[in-house]
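Visitor: Residue numbers (the working numbering): 5 to 75.
Where a beta carbon is used, it is the ideal one built from N, C-alpha and C, also for glycine.
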């Protein structure tokens, strides 16, 4: 079961990779519980991956362990 759901507000934790935009706030706009075919998602460890849209409109896929909930 995913930790976050669509439209949840999240922050990228400080221990995440630099390319994951540490400390940035955003919204969950996609949830990948099972991995689509292809090499892109193979780069992530096992577990849920989220599409996060940031406040500036940019979006990235980020693994669940690199996110925390915003109150």
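Are the segment 21–32 and the segment 44–51 in contact at 8 Å, needing three or more beta carbon pairs?
Guide: No, they do not touch.
Visitor: Nearest to residue 75 by alpha carbon, out of 38, 13 and 66?
Guide: Here residue 75 refers to the residue found at position 71 when the chain shown is read from its first residue. Residue 75 has its Cα closest to that of 13, out of 38, 13 and 66.
Visitor: What did DSSP end up calling residue 23 once you bin it into helix, strand or coil?
Guide: Taking the chain shown and counting its residues from 1, one reaches residue 23 at position 19. It is helical.
Visitor: Taking just the CA atoms, how far does residue 36 sit from residue 25?
Guide: Start at 1 with the first residue of the chain shown, and residue 25 comes out as number 21. Start at 1 with the first residue of the chain shown, and residue 36 comes out as number 32. If I take the Cα positions, the gap works out to 19 Å.
Visitor: Please classify residue 47: does DSSP put it in a helix, a strand, or coil?
Guide: Taking the chain shown and counting its residues from 1, the one referred to as residue 47 is at position 43. Helix.
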